[in-house]
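Below is one structure; the comments refer to it alone.
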Amino acid sequence: DGGITQSPKYLFRKEGQNVTLSCEQNLNHDAMYWYRQDPGQGLRLIYYSQIVNDFQKGDIAEGYSVSREKKESFPLTVTSAQKNPTAFYLCAARQPGQGAGELFFGEGSRLTVL
Amino acid sequence: AQTVTQSQPEMSVQEAETVTLSCTYDTSESDYYLFWYKQPPSRQMILVIRQEAYKQQNATENRFSVNFQKAAKSFSLKISDSQLGDAAMYFCAYRSGDYGGSQGNLIFGKGTKLSVKP
Chain F
14 DGGITQSPKY
24 LFRKEGQNVT
34 LSCEQNLNHD
44 AMYWYRQDPG
54 QGLRLIYYSQ
64 IVNDFQKGDI
74 AEGYSVSREK
84 KESFPLTVTS
94 AQKNPTAFYL
104 CAARQPGQGA
114 GELFFGEGSR
124 LTVL
Chain S
567 AQTVTQSQPE
577 MSVQEAETVT
587 LSCTYDTSES
597 DYYLFWYKQP
607 PSRQMILVIR
617 QEAYKQQNAT
627 ENRFSVNFQK
637 AAKSFSLKIS
647 DSQLGDAAMY
657 FCAYRSGDYG
667 GSQGNLIFGK
677 GTKLSVKP
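From first to last, the protein sequence lines stand for chains F and S.
My numbering puts the first residue of the first sequence at 14, with every later residue one more than the last.
My numbering puts the first residue of the second sequence at 567, with every later residue one more than the last.
Here is the structure:
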């Protein structure tokens, strides 16, 4: 079945360490997105990519980095510069021009900084 | 900038009853899309229903329907015959239309937690 796979589901990190969250999709969708979810905050956009080898900052990009070397992959690195990285991270994809342009989401990754 | 507001942090409904979740949005655009997503305890976001702004007819998906009031910038979700499995966080979301150079990202409200009582 087509979908979006995020790994790991749970991740613990010590302060000062970088960590990379994986996002893989087999939907053949061009656009991919990373959101951060905090309690009572809804979802906030970190980075997005509309095409391979191109990506743009979202509303809260500071302390994060991404790459888009392949259409199906859009990993997110949480760097030590991110002051409050403990959160739930959601990856999503969509195909521009298809339907109403809804996003399809992965199951998320929970990052906890110890 | 567009904003989405969900004024009800929590709601409760009796099983088999009907409940309406509120959502308002602010935009100067005429071309856009609106969505309701459900996030159960498993945390995966699931699309419930979508509405194109250019369509006057309210969208319906089985027990889920919307009341889309474009002039009032209101987009409420009605759940009929509520079931225990409907218990979840519900998020309202907005997307700019493609002709406005939309990047395709959704702008989300802060969510409404729905509880269903047996």
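The beta-carbon is built from N, C-alpha and C at its ideal position, and this holds for glycine as well.
- Counting along the chain, the unbroken beta strand (DSSP E) around F/Ile64 starts and ends at Gly55 to Ile64.
- Contact between the segment 40-47 of chain F and the segment 18-30 of chain F is not established, with fewer than three Cβ pairs separated by less than 8 Å.
- Taking the beta carbon of F/Phe118 as reference, the chain S residues within 7 Å of it are Gln610 and Met611, listed in sequence order.
- Residue-level contact by beta carbon fails for F/Gly29 and chain S, as no gap is shorter than 8 Å.
- Its Cα nearest to that of F/Arg26, the residue F/Val91 stands out among F/Lys70, F/Val91, F/Gly114 and F/Ser86.
- In terms of beta-carbon proximity, F/Tyr23 stays away from the interface with chain S, with every pair separated by 8 Å or more.
- Note that the segment 649-659 of chain S touches the segment 588-608 of chain S; at least 3 beta-carbon pairs, one per stretch, sit closer than 8 Å.
- F/Cys104 is the residue among F/Leu127, F/Cys104, F/Leu124 and F/Val126 whose C-alpha sits nearest the C-alpha of F/Phe118.
- If you ignore the 5 residues before and after S/Lys644, its C-beta comes within less than 6 Å of the C-beta of Thr586 and Ser631, all in its own chain and listed in chain order.
- Scanning chain F for C-beta atoms nearer than 7 Å to the C-beta of S/Tyr599 yields Ala113 and Gly114, reported in chain order.
- Sequence-ordered contacts of the segment 35-55 of chain F with chain S read Ala44, Tyr46, Gly53, Gln54 and Gly55 [C-beta pairs closer than 7 Å].
- Buried is the label assigned to F/Arg107, since at least 16 other Cβ atoms lie within 10 Å of its Cβ.
- CA-to-CA, the gap between S/Leu672 and S/Gln574 works out to about 20 Å.
- Nearest to S/Glu583 by alpha-carbon distance, out of S/Tyr599, S/Phe634 and S/Gln649, is S/Gln649.
- Chain-order list of chain S residues neighbouring F/Gly121: Arg609 and Gln610, by C-beta distance under 7 Å.
- Counting C-beta pairs closer than 8 Å gives fewer than three between the segment 63-83 of chain F and the segment 614-627 of chain S, which falls short of the contact rule.
- Spatial neighbours of F/Gln111 in its own chain (CB-CB distance under 7 Å, excluding positions within 5 residues in sequence) are not present.
- At least one beta carbon of chain F lies nearer than 8 Å to the beta carbon of S/Lys676.
- What F/Tyr61 touches in chain S, judged by beta-carbon distance under 9 Å, is Gln669, Gly670 and Asn671, going in chain order.
- The continuous stretches of beta strand (DSSP E) do not include S/Ser573, and DSSP gives it neither H nor E.
- In the structure shown, F/Leu24 adopts extended strand secondary structure according to DSSP, grouped into three states.
- In this chain, the beta strand (DSSP E) harbouring F/Tyr77 covers Tyr77 to Val79.
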